[in-house]
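Residue numbers (our numbering), protein chains in the order written: chain A, 13 to 340; chain B, 11 to 228.
For glycine and all other residues, C-beta sits at the position ideal for the given N, C-alpha and C.
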Amino acid sequence: MKTWNVALIGLGSVGRGVAEVLAGDGRFRIVAAADSKSGVIDPAGLNIEEVLAKKKKTGRCGDTAWPAARIAAEAEYDILVEVTPTNADTGEPALSIIKTAIKRGKHVVTSNKGPVSLASSELLRLAEENNVGFLFEGTVAGAVPILRGIKYGLAGNKIKALYGVLNGTCNYILTRMEEEGLTYVQALAEARDLGYAEADPTYDINGTDAAIKLVILANTMLGMDVTLADVKRTGISDLTVDALLMAEETGHSIRLIATLYPEKNLLEVSPRLISKTNPLVVAGTLNAVTVETEYAGAITFIGRGAGSVETASAILADLLFITDKYDR
Amino acid sequence: MPDIISAYCENNGEEEGVYLSIQRTIYAYGNPYPFQKEEIIRIRGIRLQKNVRTSLRLELKDKPGQLLAAIEPISKSGANIITISHQRDTKSVNGALIVDIVISLPETRLAELMDALRANGVAIVRIGTEHLTCTKTFILIGHILHTDLTDTVNRIDKKNIAEVTELDIVMPGMEEPSTAKLTIKAVSEPEMTQAVLTLKEIAVEKHLLIINQIGGGL
Ligand SMILES: NC(=O)c1ccc[n+]([C@@H]2O[C@H](COP(=O)([O-])OP(=O)(O)OC[C@H]3O[C@@H](n4cnc5c(N)ncnc54)[C@H](OP(=O)(O)O)[C@@H]3O)[C@@H](O)[C@H]2O)c1
């Protein structure tokens, strides 16, 4: 059995999840790792526990002489796993790092929505030219295998519509407003305390995060060519408790739903009234996506849309897809 | 300054078009409460329901007093009787008298009226099917009362084509945004689409957030 050498760029929540998942898998060896300020390499395989311990103590995982960009360009590895923060405007620095790796003939797996939503067609073409894999299952709905489910599981089916809950933070807030009668402000504060919302949750609550995922689905799975600006967005911050109560009277919930109608070229993220019996009405931070297809009818995917090892699960599946398909 | 905790407003009878404006009488706890705009601190529920026309075919036993047994629960329910036709010569197979009545009352009170009629020994053999078969419910958030609710409703209403049949409003405070649930009924899909487009235009103009429904029940 071959061992595949992995360069891990980003050691945050997802990066540590990847390290944890790969530690128990003999098929992969992490030979390089980087955070925002430093990097570390060892062709024989890093002791990732030591690297993380050092990072915890000093704030750096390694040496400033080996920043992420240099690792991508110079280190020896087979697959680059890119898990740095999402930059929705430029995709950088991830975009450059990914291009560098692909041009060197290295496979790339990422959970970073920035580069994929901005440049998927360019990156996929580049990967094809260099005969490498470029996979990003973790960018949409975390652990839920929605991309592979559509591409392979539903291969040959025309997708008539796609709609779903793609932002766990909003879903959590709306669930709490509905269940406990909390105001939007109270529910957001609670989500922050529990770590479900970021310090600056703007992108989650104004619908941008879900819209970015919709763009990725549209461009990479449905053959569309759209950008974030094409997605009509309405967030959840103006929702009142009364609205949820009124919805409840008729057996409805209000959820932030992303909708995609490929034939009408219609992409939208907005709070919607939805029957409680609809499978998209999921609890807490879960994600759910219904795909309406030509032959298979409606299929709904439900699962964890975020989390450290959950997202790493999607990354592991991408890694194994690559090891299955390519010699090296 | 009284705090209206529970108030509902009704349209009266057959009046066309305009059926709620903030200056009108509000019925608090079921009693008329003529309020001034400045007096309202918060409103927990203004509910208005438009009267719908319903035709009923009733079978009465051919005995004296039976017509009264039918009329009495109808007038008690607050419904208006639009027409009543009582043909002495048309009788049902079992010899009962047939009376056709067209009434107008809020849809949600229909069930209650039917019970009352049955309790009086009146058989209901047919209920006029509603011609507005397409229903959609929306939630609106914003300054609904301050942006001329009457205008909002009138612009959507097209008599016998598409109408706002129910509106339920909660306003937590005079300067705070209200939340409303609004039901539109229309004869068919294209008319509904038109009504929804009008609603969307109004929402943009009056800065209201519209939450519309997705999917059926699945
Ligand atoms: N968390 C989830 O559940 C989840 C789910 C799906 C997708 N994602 C996506 O996955 C990516 C990673 O998420 P996360 O939650 O792990 O983020 P995170 O906890 O903020 O971690 C980001 C990591 O990237 C490093 N980094 C920042 N800038 C860098 C640079 N210029 N070069 C190299 N490394 C850099 C950070 O370094 P320092 O440690 O030095 O700050 C940190 O280690 C994001 O794009 C996110 O949108 C996350």
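{"Asked": "At least three beta-carbon pairs within less than 8 Å, the region 260-267 of chain A to the region 145-164 of chain A", "Found": "no"}
{"Asked": "Chain A within 9 Å of leucine 219 of chain B, Cβ atoms only", "Found": "yes"}
{"Asked": "Enclosing beta strand (DSSP E) for tyrosine 273 of chain A [first to last residue]", "Found": "264-273"}
{"Asked": "C-beta neighbour in chain A for lysine 195 of chain B, strict 9 Å", "Found": "no"}
{"Asked": "Host beta strand (DSSP E) of aspartate 205 of chain A (start-end)", "Found": "No beta strand (DSSP E) holds aspartate 205 of chain A; the alpha helix (DSSP H) holding it covers 196-205."}
{"Asked": "For asparagine 90 of chain B and valine 62 of chain B, the rounded distance between their alpha carbons", "Found": "10 Å"}
{"Asked": "Coil, strand or helix - tyrosine 338 of chain A by DSSP", "Found": "coil"}
{"Asked": "Those residues which DSSP pairs with glycine 75 of chain A across a bridge", "Found": "A small fix is needed here, since residue 75 of chain A is aspartate in this sequence, not glycine. BP columns for aspartate 75 of chain A point to A:Gly51."}
{"Asked": "Delimiting residues of the alpha helix (DSSP H) encompassing isoleucine 60 of chain A", "Found": "60-70"}
{"Asked": "Ligand 1 heavy atom lying under 8 Å from the CB of glycine 154 of chain A", "Found": "yes"}
{"Asked": "Endpoints, beta strand (DSSP E) assigned at arginine 316 of chain A", "Found": "310-316"}
{"Asked": "Minimum Cβ-Cβ distance from isoleucine 154 of chain B to chain A less than 9 Å", "Found": "no"}
{"Asked": "Bridge partner(s) assigned by DSSP for aspartate 110 of chain B", "Found": "B:Arg67 and B:Ser95"}
{"Asked": "Distance cut-off 8 Å: arginine 39 of chain A Cβ against heavy atoms of ligand 1", "Found": "no"}
{"Asked": "Within chain B, partners of threonine 262 of chain A - CB distance below 7 Å", "Found": "Thr147"}
{"Asked": "Chain-ordered chain B contacts of tyrosine 175 of chain A [CB-CB under 9 Å]", "Found": "Ile224 and Gly225"}
{"Asked": "Any non-hydrogen atom of ligand 1 closer than 8 Å to isoleucine 194 of chain B Cβ", "Found": "no"}
{"Asked": "Touch test, the region 192-202 of chain B against the region 144-160 of chain B, Cβ-Cβ under 8 Å, three pairs minimum", "Found": "yes"}
{"Asked": "Status (buried if at least 16 other CB within 10 Å, exposed otherwise) for aspartate 37 of chain A", "Found": "exposed"}
{"Asked": "Closer than 8 Å: glutamate 62 of chain A CB and nearest ligand 1 heavy atom", "Found": "no"}
{"Asked": "CB contact flag (glutamate 322 of chain A, alanine 155 of chain A, <9 Å)", "Found": "yes"}
{"Asked": "Residue-chain proximity (isoleucine 212 of chain B, chain A), Cβ-Cβ < 9 Å", "Found": "no"}
{"Asked": "Heavy atom of ligand 1 within 8 Å of leucine 23 of chain A beta-carbon", "Found": "yes"}
{"Asked": "Residue span of the beta strand (DSSP E) that contains proline 83 of chain B, given as start and end", "Found": "Run containing proline 83 of chain B: none in the beta strand (DSSP E); it sits in the alpha helix (DSSP H), 76-86."}
{"Asked": "Closer than 8 Å: glycine 71 of chain A CB and nearest ligand 1 heavy atom", "Found": "yes"}
{"Asked": "Backbone CA spacing between alanine 19 of chain A and proline 97 of chain A [nearest angstrom]", "Found": "16 Å"}
{"Asked": "Beta-carbon proximity of asparagine 218 of chain A to glycine 247 of chain A, cut-off 9 Å", "Found": "yes"}
{"Asked": "Option nearest glutamate 176 of chain B by Cα separation, candidates B:Thr118, B:His153 and B:Ile111", "Found": "B:Thr118"}
{"Asked": "Assumed close pair valine 52 of chain A, cysteine 73 of chain A - CB separation to whole angstroms, cut-off 8 Å", "Found": "6 Å"}
{"Asked": "Cβ neighbours of valine 30 of chain A in the same chain (closer than 7 Å, five flanking residues each side left out)", "Found": "Leu20, Val93, Val95, Ala324 and Ile327"}
{"Asked": "Chain A within 9 Å of threonine 157 of chain B, Cβ atoms only", "Found": "no"}
{"Asked": "Rounded separation between leucine 209 of chain B and threonine 252 of chain A - CA only", "Found": "20 Å"}
{"Asked": "Collapsed DSSP secondary structure at isoleucine 171 of chain B in the structure displayed", "Found": "coil"}
{"Asked": "beta-carbon lysine 66 of chain A near ligand 1 non-hydrogen atom, thresh 8 Å", "Found": "no"}
{"Asked": "Cross-chain neighbours of proline 189 of chain B in chain A, by beta carbon under 7 Å", "Found": "The sequence given here has threonine at residue 189 of chain B, not proline. Residues of chain A passing the Cβ test: Thr252, Asp254, Ala255 and Met258."}
{"Asked": "Alpha-carbon spacing of glycine 131 of chain B relative to arginine 267 of chain A, whole angstroms", "Found": "48 Å"}
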